[in-house]
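S.K.:
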Amino acid sequence: MHGEGLAWIGYGALITAIPLLSVGVLARVVGKMNYLTLSGMLAGSMTDPPALAFANGLHPTSGAAALSYATVYPLAMFLRIMSPQLLAVLFWVM
């Protein structure tokens with residue numbers, strides 16, 4: 001094989017999996033969060049509607065996943081928009 005494509009795929013998988021696993025374990029163990037709320041929260045943090053559809057499908061009559069998604073989603077979108085701009089300003093000043 002030539003190039004570093006496989007390494008970059010591995011980096012991407014780690015960058016995605018490590019925060020999700022660590023937040024999931026901490027929220028479950030320390031925060032005593034139930035699985036539906038946790039699924040909705042993680043889906044909202046990734047701004048991932050298909051993950052919300054999966055979480056809603058686990059228990060269709062419960063709104064826990066949708067409620068936690070709706071709570072986390074606006075903050076995640078705000079941070080996705082503001083973080084690159086703040087980083088650009090910080091690195092431009094330096």
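In full-length UniProt numbering, the protein residues as written are 1 to 94. Glycine included, each C-beta is placed from N, C-alpha and C at the ideal position. Bear in mind that the values here come from a model prediction, so they are computed numbers and not experimental data.
1. State the Cα-Cα distance for the pair Phe78 and Leu36, rounded to the nearest angstrom.
2. If you check the beta carbons only, do Met46 and Ala76 fall under 9 Å apart?
3. What's the call for Met41, buried or exposed, on a 16-neighbour Cβ count within 10 Å?
4. Return the first residue and the last residue of the alpha helix (DSSP H) that Val72 is part of.
5. Counting only the same chain and skipping the five closest in sequence on each side, list residues whose C-beta sits under 6 Å from that of Ser39.
6. Under the assumption that Val72 contacts Gly44 (Cβ atoms under 8 Å), give the Cβ distance between them as a whole number of angstroms.
7. Which value, in whole angstroms, describes the spacing of the CA atoms of Leu90 and Pro60?
8. Alpha carbon to alpha carbon, what distance is there between Gly57 and Ser22?
M.R.: So, to answer that:
1. 24 Å
2. yes
3. buried
4. First-last of the alpha helix (DSSP H) with Val72: Ala64 to Val93.
5. Ala55 and Ala65
6. 3 Å
7. Approximately 45 Å between the Cα atoms of the pair.
8. 24 Å
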